[in-house]
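*Asks:* In the numbering used here, the protein residues as written are 6 to 145. For glycine and all other residues, C-beta sits at the position ideal for the given N, C-alpha and C.
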Ligand SMILES: [Fe+2]
Ligand SMILES: [Fe+2]
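1) On the DSSP letters alone, give me the boundaries of the alpha helix (DSSP H) that residue 155 sits inside.
2) What is the C-beta distance between residue 16 and residue 128, in whole angstroms, given that I count them as a contact (C-beta under 8 Å)?
3) In the DSSP assignment, find the alpha helix (DSSP H) that holds residue 33 and state where it starts and stops.
4) Taking DSSP's pairing of strands, which residues face residue 108 in a bridge?
5) For residue 123 versus residue 90, is the C-beta spacing smaller than 7 Å?
6) For the alpha helix (DSSP H) holding residue 124, just list the boundary residues, first then last.
7) For residue 108, is the classification buried or exposed, using 16 other Cβ atoms within 10 angstroms of its Cβ as the cut-off for buried?
8) Have a look at residue 79 and residue 35 and give me their C-alpha separation to the nearest angstrom.
9) Do the stretch 67 to 74 and the stretch 125 to 140 make contact, defined as three or more Cβ pairs closer than 8 Å?
10) Spatial neighbours of residue 125 within its chain, please: C-beta separation below 8 Å, excluding the five flanking residues on both sides.
11) Name the two residues that bound the continuous alpha helix (DSSP H) containing residue 71.
12) Taking the straight line between their C-alpha atoms, what separation do you get for residue 85 and residue 131?
13) Hey, would you say residue 114 sits closer than 7 Å to residue 40, going by beta carbons?
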């Protein structure tokens with residue numbers, strides 16, 4: 006079930022990063038609720054897509070700027086994961102609606118699962134390692 010797979014907030018101790026990760030979690034929960042309650046409509050999905058597009062650009066660019074500024078040793082692998090999610094989202098976004106413009110709930114559920122996997126494998130993993138490195142550099 007979608008409901009049992011939603012990640013819980015993981016705190017990195019870096020204020021801006023925690024705040025932005027929490028925003029993503031809020032978006033994921035909204036998407037999940039819309040699917041489970043079958044209340045997701047064209048407008049709601051559009052808002053979620055626009056948020057995710059903006060979010061990925063703003064958040065990844067932010068983390069990558071910090072990595073570059075502080076010469077983070079694992080920057081290359083980390084940025085590769087960002088690039089993979091950017092591509093995944095791009096591919097997923099093209100199939101989220103049917104030919105009438107209504108949300109395809111199976112495709113939306115797939116997006117939800119992918120975002121959840123992202124949260125568990127990246128935000129709870131490499132992002133925490135990045136945060137520990139940045140905290141050592143005095144970033145808060
Ligand atoms: Fe992140
Ligand atoms: Fe990241």
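*Replies:* Well, looking at it:
1) Only positions 6 to 145 of the chain appear in this structure, which leaves residue 155 out of reach.
2) Rounded, the Cβ-Cβ distance is 11 Å, inconsistent with contact.
3) 20 to 41 is the span of the alpha helix (DSSP H), which, as asked, contains residue 33.
4) The partner list for residue 108 (beta bridge, DSSP) reads 102.
5) It is a contact, given that the beta carbons lie within the stated cut-off.
6) Residue 124 -> no alpha helix (DSSP H), and no H or E assigned at all.
7) buried
8) 32 Å
9) yes
10) The answer, listed in chain order, is 12.
11) 47 to 74
12) 11 Å
13) yes
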